[in-house]
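Novice:
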Amino acid sequence: MNKFTLRERFEKALKGEALDIVPVCSVTQTGTVELMEMTGAYWPQAHYNAEKMAALALAGYEIAGFENVRCPFDITVLAETLGCTVDEGSIDIQPYITDFPCKKKKDVRDITVPDSLLESRRTSVVLDAVEILNEKVGETVSVVAGVVGPAGLASILAGMENYLRWFVTNPDVVEELMGVLIDACIEYANGLLERGAHAITLIDSEAGPDIISPQMFETSVFPLYRKFCREVKGFKVLHMCGDATAVLDPLADAGFDGISIEEKVDVSSAKRITGDRVRLIGNVSPSDTLLIKGTEAVLIEATACLEDGIDILAPGCGLAPHTPLENIKALVRARDNYFSQ
4 MNKFTLRERF
14 EKALKGEALD
24 IVPVCSVTQT
34 GTVELMEMTG
44 AYWPQAHYNA
54 EKMAALALAG
64 YEIAGFENVR
74 CPFDITVLAE
84 TLGCTVDEGS
94 IDIQPYITDF
104 PCKKKKDVRD
114 ITVPDSLLES
124 RRTSVVLDAV
134 EILNEKVGET
144 VSVVAGVVGP
154 AGLASILAGM
164 ENYLRWFVTN
174 PDVVEELMGV
184 LIDACIEYAN
194 GLLERGAHAI
204 TLIDSEAGPD
214 IISPQMFETS
224 VFPLYRKFCR
234 EVKGFKVLHM
244 CGDATAVLDP
254 LADAGFDGIS
264 IEEKVDVSSA
274 KRITGDRVRL
284 IGNVSPSDTL
294 LIKGTEAVLI
304 EATACLEDGI
314 DILAPGCGLA
324 PHTPLENIKA
334 LVRARDNYFS
344 Q
């Protein structure tokens, strides 16, 4: 099983090229309390210190067995940089938004991409952590960095209630806001790639059909994804929580190399919709299976994903902080068992 390095295997999987075995990765958050205890890199410090962030991300590969490394561990990095107030959280609670800048429609015009976007207290930490990770393992292991997408950022900066209401009553306001935010996403993503990331995960669940209609998605969000994929110079993955089935067809044409799907999406159906246009990543349930069930349940669900043709085996979303380490390790065991038959 050593025909390729882990990085080569991950990149070949995203290109849709022939492989010896399916990679086992996480393109979403990997920090758990057990890994914090084993490394001494605890939340919330690991959100704000590059060395600790890198140490905890590295543990996802060295200890848990993921065949990549991934950071950061929360979704507030760009939001704080663009004006949100953030509580730092605790050992098992991610940083969260306590106040946001766009309370009224007129506030949207005040949102701009700061000249110092890549030098903020949050972005600079992630950029430094990515550089550390690339120096440590980047020759052979892919470094994946997460960036919240334009819809997700808009829902954070305006608050979910405003985001949903304005999408119906004043879609031009949301489109104006997202038009600025996609430029921030592009600048940050390219900055991460320049510092050593090999792939970007754009996290944008608020663009999914569980939140807005597929028509709204195609009109207002899809063109922004096309722009992101044109202008970001590296491997690109889109992660969307919930049942994304209704937008998988356009998503497959956006320009992403991979789409990370939750367990609510049927892999077989998704493969039929997307064909060979994009690779599918997922979709073992992080909450119903990895968090609360035993390793046998993980093995069964992971094997089903492989049988259905998943391109990269992964959790369907970010890991819950109290996910047992043995359950994460069972993902690799399921893959190895499957390909040794």
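Using my numbering, you'd call the opening residue of the sequence shown number 4 and step up by one each time.
Idealized CB from N, CA, C, for every residue including glycine.
Treat the numbers as computed from the prediction; the structure is a model and nothing was measured.
Taking the straight line between their C-alpha atoms, what separation do you get for Pro226 and Arg233?
Specialist: Counting from one through the sequence shown, the residue named residue 226 turns up at place 223. Counting from one through the sequence shown, the residue named residue 233 turns up at place 230. The C-alpha of Pro226 lies about 11 Å from the C-alpha of Arg233.
Novice: Would you mind reading off the limits of the alpha helix (DSSP H) that contains Arg282?
Specialist: The residue you call residue 282 lines up with position 279 of the sequence shown. Unbroken run through Arg282 is the beta strand (DSSP E), Arg282 to Val287; no alpha helix (DSSP H).
Novice: In this structure, what does DSSP give as the bridge partners for Pro104?
Specialist: Here residue 104 refers to the residue found at position 101 of the sequence shown. Pro104 is not bridged to any residue.
Novice: Going by the DSSP bridge assignment, what does Ala202 pair with across the sheet?
Specialist: By 1-based counting over the sequence shown, the position of residue 202 is 199. Bridge partners of Ala202: Val147 and Phe238.
Novice: For Tyr45, does the three-state DSSP call read helix, strand or coil?
Specialist: The sequence position of residue 45 within the sequence shown is 42, counting from 1. Residue state, collapsed to three classes: coil.
Novice: Quick check on this structure: which residue in Asp269, Val268, Val250 and Thr277 has the alpha carbon closest to the alpha carbon of Asp260?
Specialist: Residue mapping note: residue 260 aligns to position 257 of the sequence shown, counting from 1. Looking at the Cα atoms, Thr277 is the closest of the given residues.
Novice: Is it right to say Ala148 is buried, meaning 16 or more other beta carbons lie within 10 angstroms of its own, or is it exposed?
Specialist: For the purposes of this step, residue 148 is taken as the residue at position 145 of the sequence shown. Of the residues assessed, Ala148 falls on the buried side of the cut-off, its CB having 16 or more other CB atoms within 10 angstroms.
Novice: Rounded to whole angstroms, what's the CA-CA distance from Gly19 to Asp314? Just pull it up for me.
Specialist: Working through the sequence shown from its first residue, we reach residue 19 at position 16. Working through the sequence shown from its first residue, we reach residue 314 at position 311. Using only the alpha carbons, I get a separation of about 8 Å.
Novice: In chain order, which continuous runs of the alpha helix (DSSP H) of length 4 or greater are located wholly inside the stretch 286–344?
Specialist: Segments of the alpha helix (DSSP H) lying fully in the stretch 286–344: 298–310 and 328–343.
Novice: Based on Cα-Cα distance, which residue from Val146, Pro174 and Thr143 lies nearest to Ser158?
Specialist: Reading the sequence shown from its first residue, position 155 is the one you call residue 158. Selected option, being the one with the closest Cα: Pro174.
Novice: Please report how far the alpha carbon of Thr35 lies from the alpha carbon of Phe220, in whole angstroms.
Specialist: Along the sequence shown, read from residue 1 onward, the residue named residue 35 stands at position 32. Along the sequence shown, read from residue 1 onward, the residue named residue 220 stands at position 217. If you take the alpha carbons of Thr35 and Phe220, they lie about 33 Å apart.
Novice: Helix, strand or coil for Gly155, going by three-state DSSP, please let me know.
Specialist: Counting from 1 along the sequence shown, the entry for residue 155 is found at position 152. Gly155: helix per DSSP, three-state reduction.
Novice: Give the DSSP-derived three-state secondary structure of Cys376 in the structure shown.
Specialist: Beyond the ends of the chain as shown, which are 4 and 344, falls residue 376; an answer cannot be given.
Novice: Pop quiz: Gly152 and Leu205 are said to be a contact at Cβ under 8 Å. What is the actual Cβ separation, rounded to whole angstroms?
Specialist: What you label residue 152 is simply residue 149 of the sequence shown in a count that begins at 1. What you label residue 205 is simply residue 202 of the sequence shown in a count that begins at 1. The Cβ separation is near 5 Å, so the contact holds.
Novice: Using C-beta distances below 7 Å, list every residue in its chain close to Met4, excluding the 5 sequence neighbours before and after it, in chain order.
Specialist: If you number the sequence shown from 1, residue 4 lands on position 1. Below a pLDDT of 50, predicted positions are generally treated as unreliable, and Met4, at 48, falls in that range; the measurement from the model is reported next regardless. Excluding positions up to five away in sequence, the list reads Asp23 and Ile24.
Novice: Hey, out of Lys239, Ala273, Trp169 and Phe238, whose CA is closest to Ser223's CA?
Specialist: Within the sequence shown, the letter at position 220 stands for residue 223. Of Lys239, Ala273, Trp169 and Phe238, the residue nearest in Cα terms is Trp169.
Novice: Relative to the alpha-carbon of Ala192, which residue among Val140, Thr126 and Leu136 has its alpha-carbon at the smallest distance?
Specialist: On the sequence shown, position 189 is the one that residue 192 refers to. For Ala192, the closest C-alpha among the options Val140, Thr126 and Leu136 is that of Thr126.
Novice: Grab the span of the alpha helix (DSSP H) containing Thr172 for me, first residue to last.
Specialist: Locating residue 172 in the sequence shown gives position 169, counting from the first residue. That run of the alpha helix (DSSP H) goes Met163 to Thr172.
Novice: Determine the closest residue to Lys15 out of Ala257, Phe238, Thr31 and Ile295, with distance taken between C-alpha atoms.
Specialist: Against the sequence shown, residue 15 aligns to sequence position 12. Lys15 has its Cα closest to that of Phe238, out of Ala257, Phe238, Thr31 and Ile295.
Novice: Can you say whether Glu178 is buried or exposed, counting buried as having 16 or more other CB atoms within 10 angstroms of its CB?
Specialist: Within the sequence shown, residue 178 is the residue found at index 175, counting from 1. Looking at its Cβ environment, which holds 16 or more other Cβ atoms inside 10 Å, Glu178 is buried.
Novice: Going straight from the alpha carbon of Leu251 to that of Ala273, what length do you get?
Specialist: Residue 251 sits at position 248 when you count from the first residue of the sequence shown. Residue 273 sits at position 270 when you count from the first residue of the sequence shown. Taking the straight line from one Cα to the other gives about 7 Å.
Novice: State the start and end residues of the unbroken beta strand (DSSP E) segment that holds Ile276.
Specialist: Translated into the one-based positions of the sequence shown, residue 276 becomes position 273. Element bounds for Ile276: not the beta strand (DSSP E) but the alpha helix (DSSP H), Val270 to Thr277.
Novice: Considering Asp90, what are the terminal residues of the beta strand (DSSP E) in which it resides?
Specialist: Translated into positions along the sequence shown, residue 90 becomes position 87. Unbroken beta strand (DSSP E) run through Asp90: Thr88 to Asp90.
Novice: How would you write the range of the beta strand (DSSP E) that Ser263 sits in, first residue to last?
Specialist: Counting from 1 along the sequence shown, the entry for residue 263 is found at position 260. Its beta strand (DSSP E) spans residues Gly261 to Ile264.
Novice: Can you check whether the CB of Val133 is closer than 7 Å to the CB of Glu70?
Specialist: Sequence index remark: in the sequence shown, residue 70 carries index 67 (1-based). Sequence index remark: in the sequence shown, residue 133 carries index 130 (1-based). Not closer than 7 Å, so no.
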